[in-house]
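These notes concern the structure reproduced below.
There are 2 protein chains.
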Amino acid sequence: MNLVLITAEEAESGLPPDDARARHLRETVGLAIGGTFHVGVENGLRGIATITSLAPQLTFAVAWEKSPQTRHPLTVIVGLPRPQTAKKVLHDLASLGAAQIIFFESEKGDPGYLTSSLWKDGEWREHVLKGTEQACSTLVPKVTRVGSLAEALIGLDANAWKLALDPYEATGAPEISSPAKAAVLAIGPERGFSDSERAALRTHGFAFAHLGDRILRVEAAALVGGALMLAQLRAWEKHRPVGG
Amino acid sequence: MNLVLITAEEAESGLPPDDARARHLRETVGLAIGGTFHVGVENGLRGIATITSLAPQLTFAVAWEKSPQTRHPLTVIVGLPRPQTAKKVLHDLASLGAAQIIFFESEKGDPGYLTSSLWKDGEWREHVLKGTEQACSTLVPKVTRVGSLAEALIGLDANAWKLALDPYEATGAPEISSPAKAAVLAIGPERGFSDSERAALRTHGFAFAHLGDRILRVEAAALVGGALMLAQLRAWEKHRPVGG
Numbered sequence: 001m002n003l004v005l006i007t008a009e010e011a012e013s014g015l016p017p018d019d020a021r022a023r024h025l026r027e028t029v030g031l032a033i034g035g036t037f038h039v040g041v042e043n044g045l046r047g048i049a050t051i052t053s054l055a056p057q058l059t060f061a062v063a064w065e066k067s068p069q070t071r072h073p074l075t076v077i078v079g080l081p082r083p084q085t086a087k088k089v090l091h092d093l094a095s096l097g098a099a100q101i102i103f104f105e106s107e108k109g110d111p112g113y114l115t116s117s118l119w120k121d122g123e124w125r126e127h128v129l130k131g132t133e134q135a136c137s138t139l140v141p142k143v144t145r146v147g148s149l150a151e152a153l154i155g156l157d158a159n160a161w162k163l164a165l166d167p168y169e170a171t172g173a174p175e176i177s178s179p180a181k182a183a184v185l186a187i188g189p190e191r192g193f194s195d196s197e198r199a200a201l202r203t204h205g206f207a208f209a210h211l212g213d214r215i216l217r218v219e220a221a222a223l224v225g226g227a228l229m230l231a232q233l234r235a236w237e238k239h240r241p242v243g244g
Numbered sequence: 245m246n247l248v249l250i251t252a253e254e255a256e257s258g259l260p261p262d263d264a265r266a267r268h269l270r271e272t273v274g275l276a277i278g279g280t281f282h283v284g285v286e287n288g289l290r291g292i293a294t295i296t297s298l299a300p301q302l303t304f305a306v307a308w309e310k311s312p313q314t315r316h317p318l319t320v321i322v323g324l325p326r327p328q329t330a331k332k333v334l335h336d337l338a339s340l341g342a343a344q345i346i347f348f349e350s351e352k353g354d355p356g357y358l359t360s361s362l363w364k365d366g367e368w369r370e371h372v373l374k375g376t377e378q379a380c381s382t383l384v385p386k387v388t389r390v391g392s393l394a395e396a397l398i399g400l401d402a403n404a405w406k407l408a409l410d411p412y413e414a415t416g417a418p419e420i421s422s423p424a425k426a427a428v429l430a431i432g433p434e435r436g437f438s439d440s441e442r443a444a445l446r447t448h449g450f451a452f453a454h455l456g457d458r459i460l461r462v463e464a465a466a467l468v469g470g471a472l473m474l475a476q477l478r479a480w481e482k483h484r485p486v487g488g
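Here the protein sequences line up with chains A and B, keeping their order. Residue 118 in our numbering sits at position 118 of the first sequence; the count goes up by one each step and never skips. Counting the second sequence from 1 gives a position; our numbering is that position plus 244.
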């Protein structure tokens, strides 16, 4: 991990000796007193932590950044995929910096996926947290699940650039046509959108695009589609070095 | 898999009954006589196969496409990553349709990775083939390994758009500046490029770009970087439906 997510309390009290993060820092990274690592509070500030003691608590002093990182204005709506795929979508979209991920039960999807421990036992959260730490960010995407695409489309930003990836309906590659400030990307389940889902997308102002004539896996399409939209929104221009 | 890669001989003779592809079509997909699937010859034509017998050989008649799919003019140079990461890079860049993938032994990399069965036993090939089949393509990237970045840079297209992903040296997000017809993307190992590798990239006309202020995994950076370059080359505009 490139950053360790902690709570505001842990920034004061340190980490218990048997905490997985403390063990990782001591044993895997091999940090000693005086060693530094990136730290951050979930959805809050990041900083550079300097270890002040290794036992009993792993304590550290933090030089916090002056202002929080910017959240990217990207919502991704995905037809609920098989759990192994959902884990990758959660991780990679968290790393990309999506603000929100909405999984919908699609007409051509398999409702059995919902019985996975990923959703039943809240394991999904571990994957967005890991993706956020990988990105050296603290901004964890909001993750929701809804019963249909229609439900996912309620309340979207009316002025956002809205794109659905669909090789059958596509009119071209993703290309921004107006100066939008936010983006919404919709991706079907493995078997694609149904006709009524396509009609709902049209009603809500989605254009249809493809990523060329190669069929990418759901997790790859989500990552590539989201990145192409962020690049065209020029969301990456406020770049600054990590911790800077 | 979205397409089954076969040899020109197998197109005539069919597949032996215990062949993994024959079993997949019969048992997993559940195809019977008259059932259809996408088929293609490695680096050749694709077609729609209709099953004519299930035993003893699985035979099929193929309606071949009229002209081959276009190969994307993208070369990706990657610092040799750990084998688990290399497998994903091989799969995902094959799906994206890169023409060539060059792995180099980097100054900050771990030469121990070369002893993996992925490279020793040629297992790497299985991952590019799977990625190509996922993409419903027959165009398998050429994969090579070289001993240094300097060796990887020999003989590159002088007129290609050349970009290295490096958050420390970057001057902006990937943006094409001249009407190039081909692209070369360079990605360091997990610990990044060394100073002498950066100097070699500059000498060979590479610009440095970032993908925002989130740190992506090597496999995600390769996929996103490659896709952004293909999109800006307008390589996806000659899109046509699969088998069309």
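No residue lacks a Cβ here, since even glycine has one placed at the ideal position from N, Cα and C.
Asked	Found
Could you tell me how far apart the beta carbons of A:PRO81 and A:VAL218 are, in whole angstroms, since I believe they sit closer than 8 Å?	5 Å
Would you kindly report the start and end of the unbroken beta strand (DSSP E) that includes A:GLN100?	100-104
Between A:GLY243 and the rest of its own chain, which residues show a CB-CB distance below 7 Å, the 5 nearest in sequence each way excluded?	At A:GLY243, the pLDDT of 46 sits below 50, so the modelled position is not reliable; the number obtained from the coordinates is stated separately. Within the same chain, A:GLY243 has close Cβ partners HIS38, ARG46, ILE48, GLU65.
Given this structure, state the Cα-to-Cα distance separating A:PRO16 from A:ARG23, to the nearest angstrom.	9 Å
Can you tell me the Cα-Cα spacing of A:ALA53 and B:ARG389, whole angstroms?	Note that residue 53 of chain A corresponds to Ser in the displayed sequence, not to Ala. Spanning the two alpha carbons is a distance of roughly 45 Å.
Shorter than 8 Å from the beta carbon of A:ILE215 to some beta carbon of chain B?	yes
In chain order, what residues of the same chain have a beta carbon less than 7 Å from the beta carbon of B:GLU349, not counting five sequence neighbours either side?	LEU324, PRO355, GLY391, SER392
Can you check which of these residues, A:LEU139, A:PRO167, A:LEU129, A:SER178, is closest to A:ALA158 by C-alpha distance?	A:SER178
So, for B:LEU460: in the same chain, excluding its five sequence neighbours on each side, which residues have a beta-carbon less than 7 Å away from its beta-carbon?	VAL468
Once DSSP output is grouped into helix, strand and coil, what is the label at A:SER178?	coil
Pairs of beta-carbons, one from the segment 440-450 of chain B and one from the segment 399-413 of chain B, closer than 8 Å: are there three or more?	yes
Can you list the residues of chain A that B:GLN378 reaches, using a CB-CB cut of under 8 Å?	ILE215, LEU216, ARG217
Nearest chain A C-beta to B:GLN344 closer than 8 Å, yes or no?	no
In three-state terms, what does DSSP make of A:GLY243?	Low local confidence applies: a pLDDT of 46 at A:GLY243 is under 50, so the model's placement there is unreliable, with the coordinate-based value given in what follows. Coil at A:GLY243, not helix or strand.
Could you please give the first and the last residue of the uninterrupted beta strand (DSSP E) stretch that includes A:SER53?	46-53
Report yes or no: is there a C-beta of chain B within less than 8 Å of the C-beta of A:GLY243?	Interpretation of A:GLY243 is limited by its pLDDT of 46, a score under 50 that renders its predicted location unreliable; the figure taken from the coordinates is listed afterwards. Judged by the 8 Å Cβ criterion, A:GLY243 is not in contact with chain B.
On a Cα-Cα basis, can you pick out the residue from B:THR314, B:LEU400, B:ILE431 that is closest to B:PRO411?	B:ILE431
Which stretch, first to last residue, makes up the alpha helix (DSSP H) that contains A:VAL29?	First-last for A:VAL29: undefined, no H or E at that position.
Could you spell out where the beta strand (DSSP E) holding A:ARG198 opens and where it closes?	First-last for A:ARG198: 195-203, but that is the alpha helix (DSSP H), not the beta strand (DSSP E).
Quick one: what's A:TRP161 bridged to in DSSP?	A:ALA183
Which residues bound the alpha helix (DSSP H) around A:ALA22?	20-23
Between B:THR294, B:LEU337, B:GLU395, B:ASP439, which has its C-alpha nearest B:MET473's C-alpha?	B:LEU337
So what's B:VAL384 in DSSP terms, helix, strand or just coil?	coil
Let me know the secondary structure DSSP gives B:LEU249 once reduced to three states.	strand
Would you verify that the beta carbon of B:TRP480 is, or is not, closer than 8 Å to some beta carbon of chain A?	yes
Determine, using beta carbons only, whether B:GLU377 and B:LEU249 come nearer to each other than 8 Å.	yes
Could you tell me which chain A residues have their CB closer than 8 Å to the CB of B:GLY432, listed as they occur along the chain?	Within 8 Å Cβ-Cβ: nothing; B:GLY432 doesn't reach chain A, min ~15 Å.
Mapping DSSP to helix, strand and coil, what is B:ALA394?	helix
Answer with yes or no whether the minimum CB distance from A:ASN43 to chain B is below 8 Å.	no
To the nearest angstrom, how far is it from the Cα of B:GLY456 to the Cα of A:SER137?	12 Å
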